[in-house]
Amino acid sequence: MEKRKILSNSTKMTFLSILFGLIITAIILFIAGYNPLQVYYVIVKGVFSKPKYISYTIIKSTPLILTGLSVAFAFKTGLFNIGAEGQFIIGTIVASLLGYFLKLPYIIHPIVIILFASLAGGVWGAIAGYLKARFGINEVISTIMLNWIALYAHNAVINIPAFLARTNKAHPIRETASIVFMEGFKKSESGKEWLMDHPQIRDILKTPLNYGFIIAIIVAVIVWYVLNKTTLGFRLRAVGSNKFAAEYGGINVKKSIVTSMGISGCISGMAGALMILGVSKGITTLAATEGYGFDGIAVALIGSNSPIACIFSGLFFGTLKYGGSKIQSPPIGAPTEVINIMIGTIIFFIAIPRIIYLYRRFKTKKEVIE
Amino acid sequence: MDSLGFILGTTLMYSTPLIYTSLGGVISERSGVVNIGLEGMMTIGAFIGATVGYYSGIWWLALICAGLGAGVLGLLHAIASVTLGAEQVVSGIAINFLGPGAALFLCRKFFDGKSMTTSINLDKKIPKLFKGVFPEHSIWENIFTQEVTVYLAFLIVIVMWFVLYKTKLGLRVRAVGEHPKAADTLGINVHRIRYGAVILSGVLSGLGGASMSIGVASNFFPSLISGQGFIALAAMIFGKWKPQGALGACLIFGAAQAMVIFLGGQDIAVSNDILSMIPYVLTLVILMGFVGKSVAPAADGTPYLKE
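Listed below in C-alpha cells is the structure:
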C-alpha cells in the first residue's frame, strides 16, 4: 500500500525535492555571505530577459535532454548506464570525422552523420551490454572503463595528421554538415541586410540555435512510444522489473540486455553528434570528461526516468547551468558551482521518498497522542 | 634496473589514493550500503587536504581534516541510506554532485575566485619515509622512499583484512551485509554497524583524495580527481569486494599509469593516448577471462528498515 502511494506521488515528490533544493541552497548562499534572492533573480533574469538568453538555454539543454533520455531508458530496463559519457564522446568523434572527411550535399550530410554517430554510440553501449550478458561483468565497471577508453580514443583521433588542424584541435566539420538554424541565410548578403532591420531575430540568430532541440523532443517521444507501446519495450521493461520472471515468460534476457544498452548508447551518441553539428563544430583535446553523461544521470533522476519528463528536467538543468554561469560576475560574484550543490541536494531528496511517509507517520502519531 | 625502480615507485605513488578510496568502498558495501559517491567524497577530501595543508603547513592536520570533511559526506549518505531507506545509488549520485560542487564553491571562497588552491611548499607536503636511508638514485630509493601515506595505505589494507575476517566485529559487518535480518535477530545493531561503515568509507575516501592533492600533486584543481573515485569503485568490484582484492586491482591501475609515464619518456612511436587506453582495455580483458563473476554481498543496496 505504502509503496504504491509513494509512486503515484512521484511528480509531487519531484517538485518538493526541487523546492527543498532551492531552500537549502539559499541557506548555503546566505551563510556564505550572498543574498540568495539576488542570486536567484540574476539566474532567472539571465535566462529569460532576452530572446538570445532563452536561445542559449535551449542550446545548453539539448545534450542534457538526450543523455538524460539515454540513462532513463537504461534505468527503465534495469540497467545503470554510467557510460553515457563515453557513448557521447564516441558520437562526437564519429560526427567530427564524417563532418570533415565526407563530402555530401546539404541536409543529407547531417542526416548521414547523425545516423552513423548514433550507431557508433550504440555499439559502444552494446559492448557493455554484451560484456554483462556474456561474461557477467557488472555494467557499472565496464562502462567506467569504456568512458576512459573513449576519452583517450578521442584525443588520439585528434592527433591523426590528416585530421589535426592545429595543436589540440581537429579540423571543423564542413558547412554542409551544419545543423545550425538558417546558417546559410545568416551569412548571405541579403540575409545580413534583412537581419539588420530585424534586431530581435538577429539577436536570436547570433546564437548557434539549431535543429538539435527539435530532434531531442522527437527522440523523447519515440523513446516513450517504444517503451510503452511496443512489444520490444514491454520485453525490455519486463527484464528490468524482474529478470527471472521475464526469462520464465520466454524472453531472451541476454539479448535484451545488449539491445537496451545499444539503444541507450545510440541516444547518447546522437547527443554527441548534435553537439558537434550544432554547437562546437569540431573536437578539441579533453583533459577530463565533460560531464554530459553524468549530468544525464541527474536529468533522468529528476525526470523520474520518464522520457517526456526528461525534456522538462533537461530544460530545468540547462536553465540552472546557463543562468548559474552568470552569478559569478559582479555585482554578486558567487561561485557558479553552487548549481552543482543545488542539483546534488535535489537528487538527495529524490533518493528518499520515504521522508514523506515518515512525516505522515509522525503526524498521525502526534494526532493520536493529542 | 633504474627503470624498474622508477616503474615500481611510480606504481606505488599512483596506486595509493585509489587504495584508500577503494577500501572505503569495500567497507561500505560489505556492510550492505552501495557507495557510488566515492568520487564526490574523494574530491572534497582532496580540496580540504590542500587547503588545510596550505594554511596550516601541517600535513597530518591536513590529512585528518580531509578525512573528517569527507566523513561528513559519508554521514549524509548514511542518514539517507540507513535511516531513511533511500535509493542508495541515487543518494550516491547526489554525493557526487555535492562533493565537487562544495569543493569548488569553497575553493573560490578561500582563494579569491580561483578554481584551484595555491600550491603548498614541497617541504610542507606529506613527508617521505626512509629519506636518505638508501643510496641516492638507487633502485631501493626509487621504490621505498615514499610518502607516509603510501605505507599507511598498506597498513590499513592489512588492518581491514584482519578486522573483517579475524574479529567478531568483522563478522558482524559481513553478517549485516549478507543477511541483515538474521544479524538483527542475533542482537546485532544493523543500523549502528552500517553507520560506522559508511562514515568510515567517507573518511578513507577523504584520505585518498588528500593523498592525491598533497602527496602526488601539491594543490587541488578541478580535474585532479575527475574519475579516480570511479576507478576506485571499479577496483573494488574488480577485487570482489575484498580489501586484498581491491589492493591488487588498485596496484594494476597504478602500474598501468606508471607504464604510461615511463613509456611516454622513452623514444617510442606510440602515442600517449593509445598507451593511456591500455589499462582500461586490460581491465575488461582480465574481467572477461580470469576473474569470473564478481558477486556483491547479498544485501548490498537494500535498506534494512524495521517498521
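Residue numbers (my numbering), protein chains in the order written: chain A, 1 to 370; chain B, 1001 to 1307. Backbone N, C-alpha and C fix where the C-beta goes; we use that ideal spot for every residue, glycine too. All of these numbers come straight from a predicted model, not from anything done at the bench.
| Item | Value |
| --- | --- |
| DSSP puts B:K1128 in a beta bridge; with which residues? | B:E1147 |
| Let me make sure I understand the geometry here. Which of B:F1221, B:I1274 and B:S1276 has the alpha-carbon closest to that of B:G1045? | B:F1221 |
| List, from N- to C-terminal side, the beta strand (DSSP E) runs of 3 residues or more that fit wholly inside the segment 119-152 of chain A. | none |
| Pick out whichever of A:G184, A:E247, A:L29 and A:G21 has its Cα sitting closest to the Cα of A:A334. | A:L29 |
| Express the C-alpha separation of A:K206 and A:K5 in angstroms, rounding to a whole number. | Because A:K5 sits at a pLDDT of 47, beneath the cut-off of 50, its placement in the model cannot be relied upon, and the point is left open. |
| For the beta strand (DSSP E) containing A:A165, name the first residue and the last one. | L164 to R166 |
| Report buried or exposed for B:T1149, applying the criterion of at least 16 other Cβ atoms within 10 angstroms of its Cβ. | buried |
| Thinking C-beta only, is A:S10 closer than 8 Å to A:S313? | no |
| Using the C-alpha atoms, what's the distance from A:Y357 back to A:L7? | At A:L7, the pLDDT of 46 sits below 50, so the modelled position is not reliable; the number obtained from the coordinates is stated separately. One C-alpha to the other measures close to 12 Å. |
| Please classify A:P331 as buried or exposed, where buried requires at least 16 neighbouring CB atoms within 10 angstroms. | exposed |
| Quick one, which of A:I222, A:F48, A:I347 and A:M182 has its alpha-carbon nearest A:P208's? | A:M182 |
| Less than 8 Å between the C-beta atoms of B:Q1257 and B:Y1055, yes or no? | no |
| Using 8 Å as the Cβ pair cut-off and three pairs as the minimum, do the segment 250-263 of chain A and the segment 125-137 of chain A touch? | yes |
| For A:V180, which residues does DSSP report across the bridge? | A:N210 |
| Relative to the C-alpha of B:G1092, which candidate in A:F316, A:R354, A:I347 and A:I355 has its C-alpha closest? | A:I347 |
| Once you ignore the five residues that flank A:L22 on each side, which residues in its own chain have a CB closer than 8 Å to its CB? | Y40 and M342 |
| Does the Cβ of A:M1 have 16 or more other Cβ atoms within 10 Å, making it buried, or fewer, making it exposed? | For A:M1, the pLDDT reaches just 37, beneath the cut-off of 50, and the residue's location in the model is therefore unreliable, leaving the point undetermined. |
| Determine the closest residue to B:E1039 out of B:G1229, B:G1009, B:P1243 and B:I1278, with distance taken between C-alpha atoms. | B:G1229 |
| Comparing the C-beta of B:T1302 with each C-beta of chain A, is any distance below 8 Å? | no |
| By DSSP, does B:K1242 sit in helix, in strand, or in coil? | coil |
| So that I know if they touch, is there some Cβ in chain A lying closer than 8 Å to that of B:R1108? | yes |
| Following the continuous alpha helix (DSSP H) through A:I332, name the residue where it begins and the one where it ends. | Element bounds for A:I332: n/a, residue is neither H nor E. |
| Give me the residue from B:T1016, B:L1012 and B:I1007 with the minimum Cα distance to B:S1211. | B:T1016 |
| Using only the alpha-carbon positions, how far apart do B:Q1266 and B:M1259 sit? | 11 Å |
| Tell me which same chain residues have a C-beta within less than 7 Å of the C-beta of A:A150, skipping the five on either side of it? | G86, I89, I90 and W124 |
| Quick one: list the residues of chain A neighbouring B:Y1014, beta-carbon separation under 8 Å, in chain order. | By Cβ distance, chain A contributes nothing, its closest Cβ being about 14 Å from B:Y1014, past 8 Å. |
| Sorted by chain position, which residues of the same chain lie with C-beta nearer than 6 Å to B:L1200's C-beta, five sequence neighbours on each side aside? | I1027 |
| Is it right to say B:K1131 is buried, meaning 16 or more other beta carbons lie within 10 angstroms of its own, or is it exposed? | exposed |
| Are any of the Cβ atoms in chain B nearer than 8 Å to that of A:I111? | no |
| On the three-pair Cβ rule with 8 Å, is the segment 1076-1085 of chain B touching the segment 1018-1025 of chain B? | no |
| Expressed to the nearest angstrom, what Euclidean distance is found between the alpha-carbon atoms of B:A1066 and B:L1076? | 16 Å |
| Contact criterion: CB-CB distance below 8 Å. Does A:T289 meet it with respect to chain B? | yes |
| Would you verify that the beta carbon of A:N340 is, or is not, closer than 8 Å to some beta carbon of chain B? | yes |
| If the criterion is Cβ atoms closer than 8 Å, does the pair B:P1297 and B:V1157 meet it? | no |
| Which residue's Cα is closest to the Cα of A:E139: A:S260, A:A153 and A:R360? | A:S260 |
| Taking only beta carbons into account, state which residues of the segment 322-339 of chain A come closer than 9 Å to chain D, listed in chain order. | Included in the structure are the protein chains A and B, with no chain D among them. |
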